[in-house]
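Visitor: Just so we're aligned, residue 1 is where the sequence shown starts under full-length UniProt numbering, counting upward by one.
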Amino acid sequence: TRTHKGNAIILLYGYFVNINRNCEYVCVPSLAVFMSMASGNEGPSSTAHSYTNRLSKEKSPYLLQHAHNPVDWYPWGQDAFDKAKNEDKPIFLSVGYSTCHWCHVMERESFEDEEIGSILSKNFVCIKVDREERPDVDKVYMTFVQATSGGGGWPMSVWLTPDLRPFIGGTYFPPRDHGGRLGLKTVLTRIMDQKGITVTADTGESPPLATDVANRCFQQLAHSYVEEYGGFRHAPKFPTPVNLLFLMSYWSVNRSTSEGVKALQMALHTLRMMALGGIRDHVAQGFHRYSTDSSWHVPHFEKMLYDQAQLAVAYITASQVSGEKHFAEVAEDILRYVSRDLSDKSGGFFSAEDADSLPALGGREKREGAFYVWTAGDVRELLPDVVEGTTGTSTLADIFSHYYGVKEQGNVAPEQDPHGELHGQNVLIVRYSVALTAARFGISVDKVNELLVFARAKAAEVRKSRPRPHLDTKMLASWNGLMLSAYARVGAVLRDKALLERAVQAGNFLKEHLWDVEQQTLFRSSYCGEQMEVQQRAPPISGFLDDYAFIICGLLDLYEATFQTEWLQWAEELQLRQDMLFWDDDGGGYFCSDPGDSAVVLQLKEDQDGAEPSANSVSASNLIRLSHYTGREEWRQRSQQLLTAFSDRLTKIPIALPEMVRALMAHHYALQQVLMLVDRNESYLCQRLPVLSSMSQEDGVATAYVCRDFACSLPVTDPQELRQLLLDGVAEMQRN
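#1: Check this for me: beta carbons of H297 and I429, under 8 Å apart or not?
#2: Between which two residues does the beta strand (DSSP E) holding A704 run?
#3: Under a Cβ-count criterion, where at least 16 other Cβ atoms within 10 Å of its own Cβ denotes burial, should H68 be classed as buried or exposed?
#4: Which residues bound the alpha helix (DSSP H) around K325?
#5: If you check the beta carbons only, do T99 and D344 fall under 8 Å apart?
#6: Please state the DSSP three-state secondary structure of T391.
#7: Where does Q146 sit, in a helix, a strand or coil, going by DSSP?
#8: Quick check on P75: does DSSP put it in helix, strand or coil?
#9: Closer than 8 Å, CB to CB, is T171 near chain D or not?
#10: Have a look at the DSSP bridge pairing and note the partners of L304.
#11: State the start and end residues of the unbroken alpha helix (DSSP H) segment that holds S478.
#12: Where does the unbroken beta strand (DSSP E) through I168 begin, and where does it stop?
#13: With contact counted as at least three CB pairs below 8 Å, one residue from each stretch, are the segment 83-94 and the segment 118-132 in contact?
#14: Do the segment 516-523 and the segment 439-455 make contact, defined as three or more Cβ pairs closer than 8 Å?
#15: If I measure Cβ to Cβ from L545 and keep anything under 6 Å in the same chain, skipping five residues before and after, which residues do I get?
#16: List the whole-angstrom C-beta distance separating F218 from A263, where the pair is believed to meet the contact cut-off of C-beta under 8 Å.
#17: Which same chain residues, not among the five before or five after L692, have their C-beta less than 8 Å away from its C-beta?
#18: Take A663 and list the residues in its own chain whose beta-carbon comes closer than 6 Å to its own, dropping the five residues that flank it on each side.
#19: For the alpha helix (DSSP H) that Y548 lies in, which residues bound it at each end?
#20: Does the distance from the C-beta atom of Y229 to that of M273 stay below 8 Å?
#21: Can you tell me which of the three DSSP states H423 falls into?
#22: With DSSP run on the structure shown, which of helix, strand or coil describes Y432?
#23: Whole angstroms is fine: what's the gap from T161's alpha carbon to G170's?
#24: Given V242, which residues of its chain have a CB within under 6 Å of its CB, disregarding the five upstream and five downstream residues?
#25: Return helix, strand or coil for H178, following the three-state DSSP convention.
#26: Determine the contact status of V618 and F550, defining contact as a CB-CB distance below 8 Å.
#27: Here's the rule I'm using: 16 or more other beta-carbon atoms within 10 Å means buried, otherwise exposed. How should R489 be labelled?
#28: DSSP on W154, reduced to helix/strand/coil?
#29: With DSSP run on the structure shown, which of helix, strand or coil describes K83?
#30: In chain order, what residues of the same chain have a beta carbon less than 6 Å from the beta carbon of K407, not counting five sequence neighbours either side?
#31: When we look at the beta-carbon of P155 and count the other beta-carbons within 10 Å, is it buried (16 or more) or exposed?
#32: Could you tell me whether the Cβ atoms of V187 and F173 are closer together than 8 Å?
#33: Run through DSSP, which three-state label would W583 get?
#34: Are the beta-carbon atoms of T630 and E721 separated by less than 8 Å?
#35: What first and last residue would you give for the beta strand (DSSP E) that runs through K464?
#36: Less than 8 Å between the C-beta atoms of A506 and Y527, yes or no?
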């Protein structure tokens, strides 16, 4: 109710807050208000530390970045919970990750502020969480923030009761009131007691009709599609590989329709524009997190492992459906970057590279993008040679600058540079095709390509001398599972032995360092020690649903790429364990975390494919694939039960679950199995699929059987005949 002085007393889940009339949204700020998307890192100070808190004993790079705040931080755990209960204090929960730009802005502004640190430490139990270590905690409280504010992001700031129930949540808060917005100090002084909320998942009687859901998902994506540059919003623009993979799957069963053609065009155009844009690192490969503008030009510069993994799969899939070599080259480039910069000698993959780093010319303040951007003078100094045969006396710098849009005054618009960190700088973006560039300078296309390869190599060498961004060396099971899929799938399509060997190395890493054979449990993460040896925290964090689901998917992809049955066996073993730990016997679907964990106040079933696919979406597909490989009919039924649990979401807003829609489509159209003759000494598959025993090799040559709906073709030995059988199967799917 509004008071006569123009303030409002708001009852939010039993908690009273007095908020200024202009700032009623501040206690649950939205993404639009506070620009809370993550993108970088300020890194720890190199000066002597005045404060050291208990986070200094943690392994997480993100927690260590806060180890010298004047805040009495606790890691997530029983010590903090006990303190809150014993002292009857509310909990201040701050969640982020080590390469999150706005997380570090809030650290610098608020958590390094002695006054605010004192208020926090005296009146709250302060808990700092790395969302990548504890996605279960992040998902629970992000759901609350999104439900109460309509937005979300990192840093995430949530206030909890001593029994871990949220009552106020938001994202970034400025330290003090500014511009009509409440600051963190003001919010802290207004916090009182509260009540909580619960979250449940909807269930239905049967999965919705796949064709209707897929058509609706396509229509919703088409409605939000941006024609000029691709993607599904104007700004900020995220890669969203789950959307692109759905569109290509939709096309595969709707090839003859205008909707199918449109779906493929949307996916391929988006992938082309991203590959040309500044969101892609044209010098040293890989993709940045997202674009701040509609044309994929100026990114937030952090590089996340999960983006590289999913984009590699999207690009190699695009190369398969389109036949365009360029898409495969982009996929290879991504993996080249990961192998070089995000790989550990153990076989694991590191989590991320920061957006911020020290300027090349010196300075004590890190700047976003400093490692990646170029002035026009940099380019001239780097590439001064005159190119023979060009119109006039053009230099290599002229050609490079024309192709990549380098301008004397810089090519970053002021509105894309709110902190002035990119003034006079250039983010490389392909502005002209190779053909147009060749025509502009009067040389051949081949010559331009040759010159650009040389120029990029020189630029990469210069980069090596610049201060590098912070590397988050945490190795997460789930993200390593995604990357395992990427190496296996790209390696299989390109028949690249080195990529497949790297995939096997990743599989061995997961089994050696993140799997406890005795306890039959995955660990969430491992870390690099001072000598870059693999370490585990004590006690280790047990794996969550996404760890199991993403690794199982990766193992299935690895099996299909190598036909080494040990990976299929382990996938089956992990699926059995996942079912035991996370399956909801009452409502169907999987909980994100172990329901037996009393420290997690809300048990969730994630219902959105976002930066990463929902683990339930991936599990729906895993279960179908495993049912075909193992003959376990109960897994096919379980996949249907899972889809049934999400019927309401799939029916109303399938755009929220495009990866799950693909699984629903797989049920409807039925997977085709191409069975190559199995080694007679291979007992694993024969025991699970008795039909294999009845198959024989024809005339001593490679023989294939194409099966669908438990019926198999006659044996095929000619590759073209096999190709036709597969095309006939696609045509039949379209008729259905």
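In this text, a Cβ means the ideal position worked out from N, Cα and C, and glycines have one as well.
Guide: By the coordinates alone:
#1: Taking the sequence shown and counting its residues from 1, the one referred to as residue 297 is at position 297. Taking the sequence shown and counting its residues from 1, the one referred to as residue 429 is at position 429. A distance below 8 Å separates the beta carbons of H297 and I429.
#2: In the sequence shown, the residue the question calls residue 704 occupies position 704. That run of the beta strand (DSSP E) goes 704-708.
#3: Indexing the sequence shown from 1 puts residue 68 at position 68. Answer is buried; the Cβ neighbour count reaches 16.
#4: Position 325 of the sequence shown holds residue 325. Residues 325-341.
#5: Locating residue 99 in the sequence shown gives position 99, where the first residue counts as 1. Locating residue 344 in the sequence shown gives position 344, where the first residue counts as 1. Result no, Cβ atoms of T99 and D344 do not sit closer than 8 Å.
#6: What you label residue 391 is simply residue 391 of the sequence shown in a count that begins at 1. Coil at T391, not helix or strand.
#7: As a first step, residue 146 must be located in the sequence shown, where it is residue number 146. Three-state DSSP puts Q146 in a helix.
#8: For the purposes of this step, residue 75 is taken as residue 75 along the sequence shown, with counting starting at 1. Look at P75 here: in three-state DSSP terms it is strand.
#9: You won't find chain D in this structure, because it holds only one protein chain.
#10: Within the sequence shown, residue 304 is the residue found at index 304, counting from 1. Note on residue identity: the sequence assigns Met, not Leu, to residue 304. Note: M304 sits in a beta bridge opposite A352.
#11: The count along the sequence shown starts at 1 and reaches residue 478 at position 478. 477-494 is the span of the alpha helix (DSSP H), which, as asked, contains S478.
#12: Here residue 168 is taken as the residue at index 168 of the sequence shown, counted from 1. That run of the beta strand (DSSP E) goes 166-170.
#13: Note that the segment 83-94 touches the segment 118-132; at least 3 beta-carbon pairs, one per stretch, sit closer than 8 Å.
#14: The count of Cβ pairs closer than 8 Å, one atom from the segment 516-523 and one from the segment 439-455, stays below three, leaving the stretches out of contact.
#15: For the purposes of this step, residue 545 is taken as residue 545 along the sequence shown, with counting starting at 1. Close CB contacts of L545 within its chain, under the 6 Å cut and outside five residues either way in sequence, are with F582, Y590, C592, A615 (chain order).
#16: Walking along the sequence shown from the start, residue 218 turns up at place 218. Walking along the sequence shown from the start, residue 263 turns up at place 263. By a beta-carbon distance limit of 8 Å, F218 contacts A263. Their separation comes to about 6 Å.
#17: Here residue 692 is taken as the residue at index 692 of the sequence shown, counted from 1. Cβ-Cβ distances below 8 Å link L692 to L675, V678, L685, C686 in the same chain, with the five nearest sequence neighbours on each side left out; the list follows chain order.
#18: Taking the sequence shown and counting its residues from 1, the one referred to as residue 663 is at position 663. Around A663: A620, S621.
#19: Reading the sequence shown from its first residue, position 548 is the one you call residue 548. Counting along the chain, Y548 sits inside the alpha helix (DSSP H) bounded by residues 545-562.
#20: The count along the sequence shown starts at 1 and reaches residue 229 at position 229. The count along the sequence shown starts at 1 and reaches residue 273 at position 273. Their beta carbons are under 8 Å apart, which means Y229 touches M273 by this criterion.
#21: Translated into the one-based positions of the sequence shown, residue 423 becomes position 423. H423 falls in the coil class under three-state DSSP.
#22: In the sequence shown, counting from the first residue as 1, residue 432 sits at position 432. Here Y432 carries a coil assignment [DSSP, helix/strand/coil].
#23: As a first step, residue 161 is located in the sequence shown; it is residue number 161 there, counting from the start. As a first step, residue 170 is located in the sequence shown; it is residue number 170 there, counting from the start. If you take the alpha carbons of T161 and G170, they lie about 16 Å apart.
#24: In the sequence shown, counting from the first residue as 1, residue 242 sits at position 242. Excluding sequence neighbours, V242 sits near D609, P613, P658, E659.
#25: For the purposes of this step, residue 178 is identified with residue 178 of the sequence shown, where counting begins at 1. DSSP places H178 within a strand segment (E or B) once states are collapsed to three.
#26: Translated into the one-based positions of the sequence shown, residue 618 becomes position 618. Translated into the one-based positions of the sequence shown, residue 550 becomes position 550. The Cβ atoms of V618 and F550 lie closer than 8 Å to each other.
#27: Mapped onto the sequence shown, residue 489 falls at position 489. With 16 or more Cβ atoms within 10 Å of its Cβ, R489 is classed as buried.
#28: The count along the sequence shown starts at 1 and reaches residue 154 at position 154. Here W154 sits in coil by DSSP.
#29: Along the sequence shown, one-based indexing puts residue 83 at 83. In the three-state DSSP reduction, K83 falls in the helix class (H, G or I).
#30: Your numbering for residue 407 matches position 407 in the sequence shown. Same-chain partners within the cutoff: there are none.
#31: Along the sequence shown, read from residue 1 onward, the residue named residue 155 stands at position 155. So P155 ends up on the buried side.
#32: Counting from 1 along the sequence shown, the entry for residue 187 is found at position 187. Counting from 1 along the sequence shown, the entry for residue 173 is found at position 173. A contact, by the Cβ cut-off of 8 Å.
#33: Taking the sequence shown and counting its residues from 1, one reaches residue 583 at position 583. Here W583 sits in strand by DSSP.
#34: To locate residue 630, count along the sequence shown from 1; it is residue 630. To locate residue 721, count along the sequence shown from 1; it is residue 721. Against a cut-off of 8 Å, the Cβ pair of E721 and T630 comes out as no contact.
#35: Residue mapping note: residue 464 aligns to position 464 of the sequence shown, counting from 1. Unbroken run through K464 is the alpha helix (DSSP H), 445-464; no beta strand (DSSP E).
#36: Taking the sequence shown and counting its residues from 1, one reaches residue 506 at position 506. Taking the sequence shown and counting its residues from 1, one reaches residue 527 at position 527. Inclusion of A506 and Y527 in the CB contact set at 8 Å is not warranted, their separation being larger than that value.
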